[in-house]
Amino acid sequence: MEAPVVQSPTARVKAPGKTGVLLVNLGTPDSPSVPDVRKYLREFLMDGRVIDIPYIQRFFLINGIIAPFRAPKSAKVYKELWTETGSPLKYYGHVVERELQKELGSEYVVKLAMRYQNPSIKAGLDEFQQQGLTEIIVIPFFPQYASASTGSVYELVMDNVKNWQVIPAVRFINRFLEHPKFIEGFVRLGRKYMDAYDYDHIIFSYHGLPERQITKGDVTHSVCQFGSCCESFHAMNQHCYRAQCFETTRLLVRELGIPEGKYTTSFQSRLGRTPWIKPYTDDVIRELGAKGVQSVLAFSPSFVADCLETTIEIGVEYKELFEESGGKHWQLVESLNDSPLWIETLVDLVKTA
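The C-terminal position of the sequence shown is numbered 356 in the numbering used here, with every residue numbered one higher than the one before it.
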């Protein structure tokens, strides 16, 4: 007679229910029409973690100035971005949702959500609530943590579940910039272009943030100096968005074998007149042109899916600026989108959450 199997008291027993996986990207208008773009801008910019000024000031700034005047201009740009399948960000999101569901199997329920607009976080969580899930894993599609992105997702998720009578375990993925497969995904995309052309310079352009949001995150009031503090990545600056971006660049540079002096980390998409984290990508481009740099390969490692900030801002507008500054060849490295390595990254994040 065989001896009975004795389970270790520390072994984790699989609960009978399923696990919900909520994939959350920033969001996109429902269409490139002016009303839909205006609606998106209002929801996005009224988030107190995005524009962190008092509510009354924010309300009149967004609804009285930014949304009415910016919506028509932004709508024209969104029309350039739009394809037959709609917004690339949403299109790739749904592809990833389907592929990840296939890879994870029937023990998981995968849903795509957007922090702003549709499909909404509330809709995804409401569906999870009806299914008796054992736990929910939330994966914000932001490689580097920032209060205005990942933090905002955390806040809205918890606002939605806080009144549930039964709240399952909720686990958040804080960041994934160090994940080897995330890095390898961009490395493979970059090598495709680097093998075909000898670029004079490489730019790693990240979405910008106001400097005040970075200093707010420094609870010690002593680490963040906007200088040498980002030259290394350690316990005291690990939650700093700027430091995380520089660390992402270091990891990519190491794997790509880019020599010192041939690359720059910079920040794009600033809004308003207050200081944002530097250096600014447009300033870097002008400086490279003045130095006679003729060819640039541009990465955007704060985005996992092509969107307005990658395809249009980096791929079109910065290309034009580079050529106006004397450059000849500008190439954007596309985002991970629905690449197999991105799906593998997500599988690992779910399984180790």
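All residues carry an ideal CB built from backbone N, CA and C; glycine is no exception. Computed from a predicted model, the values in this text were never measured in an experiment.
Buried or exposed for residue i, going by 16 or more other Cβ atoms inside 10 Å?
i: V9; result: Note that V9 scores 47 on pLDDT, short of 50, meaning its location in the model is unreliable; the coordinates nonetheless yield the value given after this. When all chains shown are included, V9 counts as exposed.
i: P7; result: Low per-residue confidence applies at P7: pLDDT is 48, beneath 50, and the placement is therefore not dependable enough to give any value.
i: I59; result: exposed
i: S11; result: Note that S11 scores 46 on pLDDT, short of 50, meaning its location in the model is unreliable; the coordinates nonetheless yield the value given after this. By the neighbour-count rule (16 or more Cβ atoms within 10 Å), S11 is not buried but exposed.
i: G23; result: buried
i: K68; result: The displayed chain sequence assigns Ile, not Lys, to residue 68. Counting Cβ neighbours within 10 Å, I68 comes out exposed, since fewer than 16 surround it.
i: W167; result: exposed
i: S109; result: exposed
i: K114; result: buried
i: H3; result: For the chain, the structure presents residues 4 to 356; residue 3 sits outside this window and is missing.
Which partner residues does residue i have in the DSSP bridge list?
i: I206; result: T267 and A301
i: M239; result: Bridge partners of M239: none, in fact.
i: A116; result: V27
i: L174; result: Here residue 174 is Arg; the residue named in the question, Leu, does not match the sequence. R174 pairs with I140.
i: S123; result: M117
Between the options, which lies nearest to residue i when the distance is taken from Cα to Cα?
i: K219; options: Q132, G108 and C243; result: C243
i: W345; options: A78, E100, R41 and G30; result: E100
i: L352; options: S152, L107 and V299; result: L107
i: L255; options: G127, P282, V336 and H224; result: V336
i: W279; options: I54, L159, A293 and I206; result: I54
i: S34; options: K265, L44 and L26; result: L44
i: G188; options: N340, G20 and T31; result: N340
i: L25; options: K125, S305 and S109; result: K125
i: R52; options: V113, F63, Q228 and G154; result: G154
i: G96; options: G330, C227 and D309; result: D309
i: S208; options: I176, P282, D162 and F145; result: P282
i: E347; options: L291, S90, Q104 and V80; result: Q104
Could you have a look at residue i and say whether DSSP puts it in helix, strand or coil?
i: G89; result: strand
i: K294; result: coil
i: S150; result: helix
i: A356; result: coil
i: W345; result: helix
i: H97; result: helix
i: P358; result: For residue 358 there is no data in the structure shown, the boundaries of the chain being 4 and 356.
i: P213; result: strand
i: L335; result: strand
i: K200; result: At residue 200 the sequence reads Tyr, which differs from the Lys that was named. In the structure shown, Y200 sits in coil (DSSP, three-state: anything other than H, G, I, E or B).
i: T223; result: coil
Does the beta carbon of residue i fall short of 7 angstroms from some heavy atom of the ligand GTP?
i: Y94; result: The ligand GTP is not among the ligands present in this structure, which contains no ligands whatsoever.
- Using 8 angstroms as the Cβ pair cut-off and three pairs as the minimum, do the stretch 61 to 76 and the stretch 316 to 326 touch? Three or more Cβ pairs closer than 8 angstroms define a contact, and the stretch 61 to 76 falls short of that threshold against the stretch 316 to 326.
- Any chance the stretch 169 to 189 sits against the stretch 126 to 146, with 3 or more Cβ pairs inside 8 angstroms? yes
- Message: I'd like to know if the stretch 172 to 187 and the stretch 136 to 152 are in contact, where contact means that at least 3 CB-CB pairs between them fall below 8 angstroms.
- Response: The count of Cβ pairs closer than 8 angstroms, one atom from the stretch 172 to 187 and one from the stretch 136 to 152, reaches three, so the stretches are in contact.
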